[in-house]
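*Asks:*
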Amino acid sequence: MLIDALELEDNAIVDADLCIMGAGAAGISIAREFHGTKLNVCLLEGGGFVYDEFSRKLYDGVSRGTYLVDWMHYVDGTRIRCFGGSTGHWVGWSRPLDDLDFEVRPWIAHSGWPFKSNRLKPYYKRAAPLLEVKPFGYDPASVVPGFAGHTFLDNSPEFSTDFFHLSPPTRFGDRYRKDIVSSSNIRLFLNANITNIDCTGEAKSATQLEVKTKKQTTFTVRAKYFVLALGGIENARMLLLSDKVQQNGLGNDHDLVGRFFTDHPHVNFGSVLFFDHDPALRFFDPFTPEGFNHHIFAVLRPAEELQYKHRLPNISMQLIKQQEPSAAAENAIRGHHALQHFLNKRSLNQPHSVYDVRIRSEAIPNPHSRVTLIPELDALGNRKVKLDWQLLAEDNLAIRDSAKLLAQELGRVSKGRVQMVLNDEVPWPNPWFGGHHIGTTRMHDDPKQGVVDKNCRLHSLENFYIAGSSVFPTPGCSNPTLTVVAMALRLADHLKEVMTV
Ligand SMILES: Cc1cc2nc3c(=O)[nH]c(=O)nc-3n(C[C@H](O)[C@H](O)[C@H](O)COP(=O)(O)OP(=O)(O)OC[C@H]3O[C@@H](n4cnc5c(N)ncnc54)[C@H](O)[C@@H]3O)c2cc1C
3 MLIDALELED
13 NAIVDADLCI
23 MGAGAAGISI
33 AREFHGTKLN
43 VCLLEGGGFV
53 YDEFSRKLYD
63 GVSRGTYLVD
73 WMHYVDGTRI
83 RCFGGSTGHW
93 VGWSRPLDDL
103 DFEVRPWIAH
113 SGWPFKSNRL
123 KPYYKRAAPL
133 LEVKPFGYDP
143 ASVVPGFAGH
153 TFLDNSPEFS
163 TDFFHLSPPT
173 RFGDRYRKDI
183 VSSSNIRLFL
193 NANITNIDCT
203 GEAKSATQLE
213 VKTKKQTTFT
223 VRAKYFVLAL
233 GGIENARMLL
243 LSDKVQQNGL
253 GNDHDLVGRF
263 FTDHPHVNFG
273 SVLFFDHDPA
283 LRFFDPFTPE
293 GFNHHIFAVL
303 RPAEELQYKH
313 RLPNISMQLI
323 KQQEPSAAAE
333 NAIRGHHALQ
343 HFLNKRSLNQ
353 PHSVYDVRIR
363 SEAIPNPHSR
373 VTLIPELDAL
383 GNRKVKLDWQ
393 LLAEDNLAIR
403 DSAKLLAQEL
413 GRVSKGRVQM
423 VLNDEVPWPN
433 PWFGGHHIGT
443 TRMHDDPKQG
453 VVDKNCRLHS
463 LENFYIAGSS
473 VFPTPGCSNP
483 TLTVVAMALR
493 LADHLKEVMT
503 V
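For the sequence shown, this note's numbering gives the first residue as 3, with consecutive numbering after it.
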């Protein structure tokens, strides 16, 4: 059922069993799971079905940090505030996190999820069809018929080849609008901006939400259970804004809300000249395997043993074919003194191809990388955010080390040679990011180390849960939305259990 909050009476009161805040990938995935149950579900969305300027401006804020100096519109430019959320401009790269991402890695402070990867695997299987990609096998050969025996760098124990799947990309707002609007037990409120979360005096449970419209009318939503699914920056902002009872913000007893923000730093570390055209290189360009309705493509990853040995974070490396290799790139590679002997022997006239290598790295969790509030107010009277994304010197070192290890390995197996542009003078060549907002309400069993517990429940409130990439303790090197949806489905199952549907 659809309700436009602009048409509600001022000071109206809405009651629900379950209130989901935010209709992005996370919120929509949870709401759909409750369709047809006997629960009265309320889904609150700040925007309308299409993006508008008033809503966009509510996302305005300030961006700073080691990595963002050149692009100050990060905070509003990487989010869409309307039904479907930021899946309105996502690209569709999909891949589960790796087993190692869930483990405590002694060389990465604050690493480790409060459960092992196998707890999430059944939910990845359920999440994949929502993103309109095939469920993931964990052995590349089972995903790509004919891949076995063609693994790129197949002699290498150091690097593994794995696949990203490309969602069409599914726009959750378009794809699932009918499911939500036609449901008789789900009420979708559009133009409904949550501005405050109230809780009992002892901050034991959440009681109600204050919701505002662009007409400056207000209404209240009371519910038995709440899910905060406003995206990785806004989840933290909303907790910090809700400071009537807990003065540092809801669930912020240990000053963790907003900390540990990260995205995936992307850098093009250089070019590779492959000596012969290797048939396995075709796996690095998007292709559609038999029986698939969508593209997939390969990336290289340092094997887990290599990550242990060299104390590396998780990293993926994309090979991007230079359509017309620039003369500069080829000359640079040919001129590299370490290559002369090899190239002379092989003759430069042999077929060869030049690829750029783009690293997408897991950033090391950093408590000083954070979302805070600034005094400036938005049009609904709420403080805006400041995002300070701080990468560590270790992040840069790890990217360089991984690049060098790949260069050595390509040389060792006689596949090609690498020309690196990453060095002291150019520490972040061609820097970019994913628009992935991760870590600001991290999950940990210990309330002193995490905002939510392993079921994504706010440690301090018995009826309040968080969905989205803000709960990830570490980001891995996969893009987050498949995991956001898998975690949302897991949360829906948990809620069904505690709400005894
Ligand atoms: C350019 C770009 C490319 C991307 N490409 C990929 C990719 O290839 N692969 C991948 O996995 N991920 C990608 N992402 C990330 C992906 O978009 C997000 O992971 C995903 O959209 C997060 O879903 P969410 O539901 O957690 O949050 P959101 O999509 O941000 O949804 C939050 C919802 O809450 C609503 N809301 C916010 N505040 C309020 C409020 N106060 N009151 C009421 N409603 C509110 C918003 O309108 C929105 O609908 C990309 C992101 C960007 C920016």
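C-beta: ideal position from N, C-alpha, C; glycine also.
Quick one, which of M445, D426, R492, Q392 has its alpha-carbon nearest F435's?
*Replies:* With distances taken between Cα atoms, F435 lies closest to Q392.
*Asks:* Which of the three DSSP states, helix, strand or coil, is assigned to M23?
*Replies:* Reduced to three states, the DSSP call for M23 is strand.
*Asks:* If you run the structure through DSSP and keep just helix, strand and coil, what is N42?
*Replies:* The answer is coil: DSSP assigns N42 none of H, G, I, E or B.
*Asks:* So what does K417 bridge to, in DSSP terms?
*Replies:* Its beta-bridge partners do not exist; DSSP assigns none.
*Asks:* Could you work out which residue in K323, L308, I322 is closest to N316 when comparing CA atoms only?
*Replies:* Considering only alpha carbons, the answer is L308.
*Asks:* From N465 to L407, what distance separates their C-alpha atoms?
*Replies:* Using only the alpha carbons, I get a separation of about 48 Å.
*Asks:* T197 to L242, Cα distance in whole Å?
*Replies:* Going by the C-alpha atoms only, they are around 11 Å apart.
*Asks:* Looking at K323: is its Cβ nearer than 8 Å to the Cβ of D287?
*Replies:* Contact: yes.
*Asks:* When DSSP builds the beta bridges, which residues end up paired with R372?
*Replies:* Looking at the DSSP assignment, R372 forms a beta bridge with D390.
*Asks:* Please determine whether the Cβ atom of W95 lies at a distance below 7 Å from any heavy atom of ligand 1.
*Replies:* Flag set: Cβ of W95 near ligand 1.
*Asks:* Pick out whichever of K127, G48, L168 has its Cα sitting closest to the Cα of L230.
*Replies:* Cα-wise, what sits closest to L230 is G48.
*Asks:* Can you give me the C-alpha to C-alpha distance between A7 and E55, rounded to a whole angstrom?
*Replies:* Each residue's alpha carbon lies about 18 Å from the other.
*Asks:* Does DSSP put R189 in a helix, a strand or coil?
*Replies:* Looking at R189 - three-state DSSP - the assignment turns out to be strand.
*Asks:* Beta strand (DSSP E) containing S88: first to last residue?
*Replies:* Unbroken run through S88: none, as it is neither H nor E.
*Asks:* Under three-state DSSP, which class holds D426?
*Replies:* If DSSP states are grouped into helix, strand and coil, D426 belongs with coil.
*Asks:* Which of the three DSSP states, helix, strand or coil, is assigned to E9?
*Replies:* In the structure shown, E9 sits in a helix (DSSP, three-state: H, G or I).
*Asks:* From M489, R239, V373, pick the residue whose C-alpha is nearest to that of L252; which is it?
*Replies:* Among M489, R239, V373, the Cα nearest to that of L252 is on R239.
*Asks:* With a Cβ-Cβ cutoff of 8 Å, do L275 and V223 count as a contact?
*Replies:* No, the Cβ-Cβ distance between L275 and V223 is not below 8 Å.
*Asks:* With 16 other CB atoms within 10 Å as the buried threshold, where does V500 fall?
*Replies:* The residue is exposed, with fewer than 16 neighbouring Cβ atoms inside 10 Å.
*Asks:* What do you get for I188, buried or exposed, if any count of 16 or more other CB atoms within 10 angstroms of its CB means buried?
*Replies:* I188 should be labelled buried.
*Asks:* So with Cβ pairs under 8 Å, would you call L275 a contact of chain D?
*Replies:* The chain inventory of the structure shown lacks chain D, comprising one protein chain alone.
*Asks:* If you count every other CB in all the chains shown that lies within 10 Å of the CB of V453, and 16 or more means buried, which is it?
*Replies:* V453 comes out buried.
*Asks:* What residue range does the beta strand (DSSP E) around E212 cover?
*Replies:* Its beta strand (DSSP E) spans residues 208 to 214.
*Asks:* Roughly how far, in whole angstroms, is the beta-carbon of Y178 from the beta-carbon of R402, given that I think they are within contact range, below 8 Å?
*Replies:* Rounded, the Cβ-Cβ distance is 42 Å, inconsistent with contact.
*Asks:* Taking 8 Å as the cut-off, decide whether the C-beta atoms of C84 and L463 are in contact.
*Replies:* Contact: no.
*Asks:* Do G441 and F263 come within 8 Å of each other at the CB atom, strictly closer than that value?
*Replies:* Their beta carbons are under 8 Å apart, which means F263 touches G441 by this criterion.
*Asks:* Which residues mark the beginning and the end of the alpha helix (DSSP H) in which N237 is found?
*Replies:* Segment 236 to 243, the alpha helix (DSSP H) holding N237.
*Asks:* May I ask you to verify whether the stretch 383 to 398 touches the stretch 485 to 493, counting CB pairs closer than 8 Å and requiring at least 3?
*Replies:* Touching, no.
*Asks:* Take S57 and list the residues in its own chain whose beta-carbon comes closer than 7 Å to its own, dropping the five residues that flank it on each side.
*Replies:* G48, G49, R83, C84.
*Asks:* In the DSSP output, what is H167 paired with across the bridge?
*Replies:* S96, I298, per the DSSP bridge assignment.
*Asks:* Given 7 Å as the limit, tell me if M23 has its C-beta closer than that to any heavy atom belonging to ligand 1.
*Replies:* Because some heavy atom of ligand 1 lies under 7 Å away, the Cβ of M23 counts as near it: yes.
*Asks:* Could you give the DSSP three-state label for A14: helix, strand or coil?
*Replies:* A14 falls in the strand class under three-state DSSP.
*Asks:* Rounded to the nearest angstrom, what separates L45 and S363 at their Cα positions?
*Replies:* Whole-angstrom Cα-Cα distance: 34 Å.
*Asks:* Residues in its own chain within less than 8 Å of A205 by CB, not counting five upstream and five downstream?
*Replies:* Excluding residues within five positions, the ones whose Cβ falls inside 8 Å are V247, Q248, L252, S462, L463.
*Asks:* Using the beta-carbon count (16 or more within 10 Å), is L132 buried or exposed?
*Replies:* L132 comes out buried.
*Asks:* Look up G272 in the DSSP assignment and say whether it is helix, strand or coil.
*Replies:* G272: strand per DSSP, three-state reduction.
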